[in-house]
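Visitor: Starting off with a structure, shown below.
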Amino acid sequence: MTPFDFFFFLNQLKIDINECVTNNGGCDVNARCKNTIGSYECHCKPGYVGNGISCSPCGENEYSLDETTCLSCPENSTSPLASTSIIDCKCISFNYYPDELTSTCLPCSLGFLLDDDSNTCTSNFILILFYFILFYFIYLFIY
Ligand SMILES: [Ca+2]
């Protein structure tokens with residue numbers, strides 16, 4: 001048996017060290033260590049990007065579907081650090097609702113207020129009255 005044959009024999013036995021057992025295999029704390037035969041791999045967790053040895057969270061207004069790219073949330077929406085889905089992007093400001101057609105956040109129309117469910121705008125009588133009086137006085141002021 002030559003040395004080559006011996007190593008071939010060892011390889012056939014699939015003798016492997018599980019590097020992931022100690023110190024997460026040297027992967028980032030925000031990475032998953034995957035043991036393989038003869039080696040190991042580091043993959044950043046969802047919401048984080050990097051090479052696995054070093055992983056950074058996607059920022060506010062961003063989310064990631066894989067470990068390579070942070071994607072931007074739709075216009076007028078924001079998300080917590082290390083978000084993993086576009087669902088984590090919530091409308092940013094007062095009176096903005098999520099519009100399914102454009103997949104963005106749009107402001108409620110004049111005289112409409114955002115419902116408690118944060119999904120729909122409903123006409124508001126007091127607000128309409130307020131705008132009516134306001135425009136009336138602007139009209140009186142101008143003419
Ligand atoms: Ca291994």
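Heads up, the final residue of the sequence shown is numbered 143 in the working numbering, and it's a clean run with no missing numbers. For every residue, glycine included, the Cβ atom is placed at its ideal position computed from N, Cα and C.
1. Does the beta-carbon distance from N95 to L114 come in below 8 Å?
2. Just tell me which of G38, A31 and S56 has its CA closest to the CA of C44.
3. Would a C-beta distance cut-off of 8 Å place C70 and V49 closer than the cut-off?
4. Please report how far the alpha carbon of L81 lies from the alpha carbon of D88, in whole angstroms.
5. Taking the alpha helix (DSSP H) that Y139 belongs to, which residues open and close that run?
6. Compute the Euclidean distance between the alpha carbons of Y97 and I142, then round it to the nearest angstrom.
7. Hey, how far is the Cα of T2 from the Cα of S85?
8. Assign D16 to one of two classes, buried (16 or more other C-beta atoms within 10 Å of its C-beta) or exposed (fewer than that).
9. Consult DSSP for G52 and reduce its assignment to one of helix, strand or coil.
10. If you draw a straight line from the alpha carbon of V29 to that of D116, how long is it in whole angstroms?
11. DSSP on D116, reduced to helix/strand/coil?
12. Can you name, in chain order, every residue of its own chain whose Cβ lies under 6 Å from the Cβ of E41, other than the five neighbours on each side?
13. Starting from the Cα of I92, find the closest Cα among S118, L140 and F112 and give me that residue.
14. Thinking just about the alpha-carbon of each residue, which of Y136, S54, S103 and I128 is nearest to the one in G111?
15. Mapping the DSSP letters down to three states, classify D99 as helix, strand or coil.
Guide: Let me spell this out:
1. Yes, these two residues count as a Cβ contact at 8 Å.
2. The shortest C-alpha separation from C44 is found at A31.
3. One thing to note: C70 has its Cβ within 8 Å of the Cβ of V49.
4. If I take the Cα positions, the gap works out to 10 Å.
5. Element bounds for Y139: F125 to I142.
6. Approximately 34 Å between the Cα atoms of the pair.
7. Between T2 and S85, the C-alpha separation is close to 55 Å.
8. Classification of D16: exposed, given that the 10 Å Cβ count is below 16.
9. Coil, per DSSP.
10. Cα to Cα, V29 sits roughly 38 Å from D116.
11. Three-state DSSP puts D116 in coil, outside helix and strand.
12. Shown here for E41: same chain residues with a beta carbon closer than 6 Å to its own, the five before and five after excluded, namely K34 in chain order.
13. Checking every option, the nearest Cα to that of I92 belongs to S118.
14. Nearest of Y136, S54, S103 and I128 to G111, Cα basis: I128.
15. Note: D99 maps to strand in three-state DSSP.
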